[in-house]
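Keeping their order, the protein sequence lines are chains A and B. In this text, residue positions in the first sequence follow the numbering used here: the first is 1, and each later residue adds one. In this text, residue positions in the second sequence follow the numbering used here: the first is 1, and each later residue adds one. By construction, the Cβ of each residue, glycine as well, lies at the ideal position given by its N, Cα and C atoms. Since the structure comes first, as structure tokens, the remarks are kept for the end.
2 protein chains.
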Amino acid sequence: MEKFEVNILGCGSALPTTRHFSSSQVVNIREKLFMIDCGEGAQLQLRRSKLKFTRLNHIFISHLHGDHCFGLMGLISTFGLLGRTATLHIYAHEELERLLQPQLEFFCKGMTYEVKFHHIDPTKAEMIYEDRSVSVTTIPLRHRIPSCGFLFQEKKTPNHIIRDMIDFYQIPVFELNRIKNGADYVCPDGTIVPNGRLTTPSASPRSYAYCSDTVYQRNILSQIKGVDLLFHEATFMHEDAARAKETFHTTTLQAAEIARDAEVKQLVIGHFSARYENEALLLEETQSLFPNTLLAKENLRITL
Amino acid sequence: MEKFEVNILGCGSALPTTRHFSSSQVVNIREKLFMIDCGEGAQLQLRRSKLKFTRLNHIFISHLHGDHCFGLMGLISTFGLLGRTATLHIYAHEELERLLQPQLEFFCKGMTYEVKFHHIDPTKAEMIYEDRSVSVTTIPLRHRIPSCGFLFQEKKTPNHIIRDMIDFYQIPVFELNRIKNGADYVCPDGTIVPNGRLTTPSASPRSYAYCSDTVYQRNILSQIKGVDLLFHEATFMHEDAARAKETFHTTTLQAAEIARDAEVKQLVIGHFSARYENEALLLEETQSLFPNTLLAKENLRITL
Numbered sequence: 001m002e003k004f005e006v007n008i009l010g011c012g013s014a015l016p017t018t019r020h021f022s023s024s025q026v027v028n029i030r031e032k033l034f035m036i037d038c039g040e041g042a043q044l045q046l047r048r049s050k051l052k053f054t055r056l057n058h059i060f061i062s063h064l065h066g067d068h069c070f071g072l073m074g075l076i077s078t079f080g081l082l083g084r085t086a087t088l089h090i091y092a093h094e095e096l097e098r099l100l101q102p103q104l105e106f107f108c109k110g111m112t113y114e115v116k117f118h119h120i121d122p123t124k125a126e127m128i129y130e131d132r133s134v135s136v137t138t139i140p141l142r143h144r145i146p147s148c149g150f151l152f153q154e155k156k157t158p159n160h161i162i163r164d165m166i167d168f169y170q171i172p173v174f175e176l177n178r179i180k181n182g183a184d185y186v187c188p189d190g191t192i193v194p195n196g197r198l199t200t201p202s203a204s205p206r207s208y209a210y211c212s213d214t215v216y217q218r219n220i221l222s223q224i225k226g227v228d229l230l231f232h233e234a235t236f237m238h239e240d241a242a243r244a245k246e247t248f249h250t251t252t253l254q255a256a257e258i259a260r261d262a263e264v265k266q267l268v269i270g271h272f273s274a275r276y277e278n279e280a281l282l283l284e285e286t287q288s289l290f291p292n293t294l295l296a297k298e299n300l301r302i303t304l
Numbered sequence: 001m002e003k004f005e006v007n008i009l010g011c012g013s014a015l016p017t018t019r020h021f022s023s024s025q026v027v028n029i030r031e032k033l034f035m036i037d038c039g040e041g042a043q044l045q046l047r048r049s050k051l052k053f054t055r056l057n058h059i060f061i062s063h064l065h066g067d068h069c070f071g072l073m074g075l076i077s078t079f080g081l082l083g084r085t086a087t088l089h090i091y092a093h094e095e096l097e098r099l100l101q102p103q104l105e106f107f108c109k110g111m112t113y114e115v116k117f118h119h120i121d122p123t124k125a126e127m128i129y130e131d132r133s134v135s136v137t138t139i140p141l142r143h144r145i146p147s148c149g150f151l152f153q154e155k156k157t158p159n160h161i162i163r164d165m166i167d168f169y170q171i172p173v174f175e176l177n178r179i180k181n182g183a184d185y186v187c188p189d190g191t192i193v194p195n196g197r198l199t200t201p202s203a204s205p206r207s208y209a210y211c212s213d214t215v216y217q218r219n220i221l222s223q224i225k226g227v228d229l230l231f232h233e234a235t236f237m238h239e240d241a242a243r244a245k246e247t248f249h250t251t252t253l254q255a256a257e258i259a260r261d262a263e264v265k266q267l268v269i270g271h272f273s274a275r276y277e278n279e280a281l282l283l284e285e286t287q288s289l290f291p292n293t294l295l296a297k298e299n300l301r302i303t304l
């Protein structure tokens with residue numbers, strides 16, 4: 001199966017701890033790398049992950065809190081030092097471009113590549129990226145400032161042809177692409193061979209939903225329905241639900257409820273408050289409602 | 001003896017490696033903390049060092065390359081989240097204030113403390129900070145952009161009084177402070193008791209010189225003469241002297257020569273190029289000319 005992996009670079013929250021880097025992940029889809037959020041230290045963690053810097057062309061920023069974007073300048077600057085030439089695309093709330101521009105002009109003078117900002121509107125579910133194998137759609141969230149998640153959806157790949165059947169019907173080579181993409185075959189005598197006899201279906205497209213900082217919000221359910229993997233913040237234990245609501249964050253049990261009700265296949269929780277030394281408790285509480293849950297940690301790689 | 005320590009938070013150079021954080025140090029003088037440079041990840045390393053965040057009120061930035069200042073926003077922002085109230089003083093080339101201002105306004109809105117910038121002129125040796133126990137003076141360096149080092153000089157502390165002599169001459173208590181500070185004592189009958197009979201000298205004041213990114217420059221010798229500890233960059237092995245000159249950096253042997261000719265007591269080298277996997281070779285080469293040399297590394301604490 002083609003590669004579809006999520007690499008956790010950092011999963012702490014606003015306050016630095018010795019346990020965690022701040023938020024950053026890299027989604028690897030067929031060796032194309034997509035970074036989600038870029039907290040301080042993301043470039044260091046990217047180096048540790050052994051992922052190839054040159055494969056990273058797209059960065060998605062969920063919202064403009066420092067722990068989700070303070071690593072950008074370092075990363076951009078390092079790409080410059082490494083002689084990068086490919087354009088780097090940054091998808092973020094429009095404010096970010098204004099904030100980074102003075103520093104880009106000063107620190108990255110004469111850089112060998114371009115940084116292109118794409119302004120996103122975090123209040124709408126919109127497809128903001130698409131290539132032939134994947135699309136990325138924003139998931140509107142509700143936080144203290146505009147915030148959104150990102151839904152990565154693989155596109156359906158062509159069916160696999162059954163070699164023996166192709167030989168049996170003596171189907172010419174130039175027909176094969178059409179057949180892989182679902183066409184039936186019409187024999188010279190007019191007989192129609194249905195596609196289902198000639199191919200086996202390809203793996204069903206996979207999907208990953210990243211839900212960044214947000215208060216507990218059930219109206220994301222329809223958008224993330226049935227995803228293979230859901231990252232959801234779980235900043236607090238459920239006993240701190242009042243604090244979660246007040247700061248527009250989510251608790252373990254709320255994240256589990258979202259995962260259960262959206263019928264996702266697997267949940268990974270992160271963005272842990274610095275107050276919890278023993279994060280196993282966060283995991284246990286989430287698993288009490290949604291057993292197939294992972295605890296994010298630095299350098300964790302999840303294969304979809 | 002009063003505390004005078006240098007804590008290395010990061011000692012890598014521009015390109016991130018898995019071995020090093022970028023440049024940052026904390027000088028601890030009698031539990032007052034002075035940060036020098038603030039590369040990405042400095043706040044994380046500060047947390048690891050267990051030094052008290054609240055004791056840090058002064059940050060000195062040697063020059064405006066990203067690996068020496070990209071950690072500032074994260075640190076400033078974290079101080080805000082922690083409810084800091086004391087003003088934070090940043091000493092840097094004036095450009096820095098202009099570059100950070102838009103981000104400070106956006107990310108640190110409503111922050112509980114003030115960030116005060118002090119513009120320094122890196123081309124002059126000037127005292128830029130002074131309190132009753134220490135002064136900090138800039139050391140002009142020569143790099144691709146304006147750059148300076150910092151000389152931390154402890155002030156002489158009062159002499160120690162010899163209790164027996166004070167009793168012998170029946171010197172009243174109100175005279176003691178003057179005597180500690182070097183005054184002779186005049187007896188009621190007019191006899192003068194020289195200070196040297198009444199006190200033993202306090203420890204001699206210590207000094208630390210931090211020489212940041214610079215090409216090999218002998219005209220710093222007079223300013224750093226005889227310091228207890230010299231940090232000098234040694235980005236390159238001496239075989240790469242041409243590359244060092246071209247990029248305005250220093251080699252191991254050049255740093256050793258500076259240390260030897262300035263007759264410093266101890267040298268610590270850092271800012272290692274990412275190209276050297278085995279940094280023991282950098283140390284060996286430096287020690288061949290100046291034996292009392294240390295290799296900087298993360299979390300190293302040097303007591304003066």
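- Sequence-ordered contacts of the stretch 97 to 111 of chain B with chain A read ARG98, LEU99, PRO102, GLN103, PHE106, PHE107 [C-beta pairs closer than 8 Å].
- Scanning the stretch 195 to 265 of chain A for uninterrupted beta strand (DSSP E) segments of 3 residues or longer gives 207 to 211, 229 to 233, listed from N- to C-terminal end.
- Secondary structure of ARG301 of chain A (DSSP, three-state): strand.
- For the stretch 32 to 44 of chain A, the beta-carbon criterion of a distance under 8 Å to any beta-carbon of chain B is satisfied by GLU40, GLY41, GLN43, LEU44.
- With a cutoff of 8 Å on beta-carbon distance, CYS108 of chain A and GLY149 of chain A are scored as not near each other.
- Look at LEU81 of chain A here: in three-state DSSP terms it is helix.
- Where HIS68 of chain B is concerned, the enclosing alpha helix (DSSP H) starts and stops at 66 to 69.
- According to the DSSP secondary-structure assignment, SER24 of chain A is paired through a beta bridge with A:GLY10, A:CYS38.
- In the structure shown, SER135 of chain B adopts extended strand secondary structure according to DSSP, grouped into three states.
- Classified as exposed, THR18 of chain A has fewer than 16 neighbouring CB atoms from the shown chains inside 10 Å of its CB.
- Straight across, the Cα-Cα distance linking THR250 of chain B with VAL173 of chain B is about 55 Å.
- Comparing alpha-carbon positions, the option among A:LYS297, A:GLY41, A:ARG163, A:GLU126 lying closest to LEU151 of chain A turns out to be A:GLU126.
- DSSP places GLN170 of chain A outside both helix and strand once states are collapsed to three, so it counts as coil.
- Bounds of the alpha helix (DSSP H) holding LYS180 of chain A are 176 to 180.
- Within the same chain, ALA125, THR137, ILE139, LEU151, ALA209 come within 8 Å of GLN223 of chain B by CB-CB distance, once the 5 residues on both sides are set aside.
- DSSP places ALA280 of chain B outside any beta strand (DSSP E); the residue lies instead in the alpha helix (DSSP H), whose first and last residues are 280 to 287.
- With a contact defined as Cβ atoms closer than 8 Å, VAL134 of chain A and GLN153 of chain A qualify at about 7 Å.
- Between HIS160 of chain B and SER202 of chain B, the C-beta spacing is below 8 Å.
- If you look at PHE60 of chain B, you'll find it in the beta strand (DSSP E) that goes 56 to 60.
- Considered as a whole, the stretch 88 to 124 of chain A harbours 95 to 107 as its complete alpha helix (DSSP H) runs of no fewer than 4 residues, in chain order.
- LEU294 of chain B is bridged by DSSP to B:VAL268.
- According to the DSSP assignment, PHE53 of chain B belongs to no beta strand (DSSP E), since it is labelled neither H nor E.
- Within the same chain, ASN28, ARG301, THR303 come within 6 Å of GLU5 of chain B by CB-CB distance, once the 5 residues on both sides are set aside.
- In this structure, the beta-carbon distance from HIS68 of chain B to ASP37 of chain B falls below 8 Å.
- No Cβ-Cβ contact shorter than 8 Å links LEU289 of chain B with HIS232 of chain B.
- At the C-beta level, THR286 of chain A and ALA234 of chain A come within 8 Å of one another.
- Taking the Cα of GLU95 of chain A as reference, the smallest distance to any Cα among A:ILE76, A:GLU105, A:MET111, A:PRO122 is reached at A:PRO122.
- Of the candidates A:LEU229, A:ALA256, A:LEU221, A:ASP228, the residue whose Cα lies closest to the Cα of MET237 of chain A is A:ALA256.
- Here ALA14 of chain B is buried: its Cβ has 16 or more other Cβ atoms, across all protein chains shown, within 10 Å.
- ARG84 of chain A places its beta carbon less than 8 Å from that of TYR113 of chain A.
- At least one beta carbon of chain A lies nearer than 8 Å to the beta carbon of LEU81 of chain B.
- Beta-bridge partners assigned by DSSP to PRO140 of chain B: B:CYS148.
- For GLU130 of chain A, the uninterrupted beta strand (DSSP E) run begins and ends at 127 to 130, by DSSP.
- What THR247 of chain B touches in chain A, judged by beta-carbon distance under 8 Å, is nothing: the nearest beta carbon there is about 11 Å away.
- Taken through DSSP and simplified to helix, strand or coil, LEU33 of chain A comes out as strand.
- GLY270 of chain A is outside the set of residues whose beta carbon lies under 8 Å from a beta carbon in chain B.
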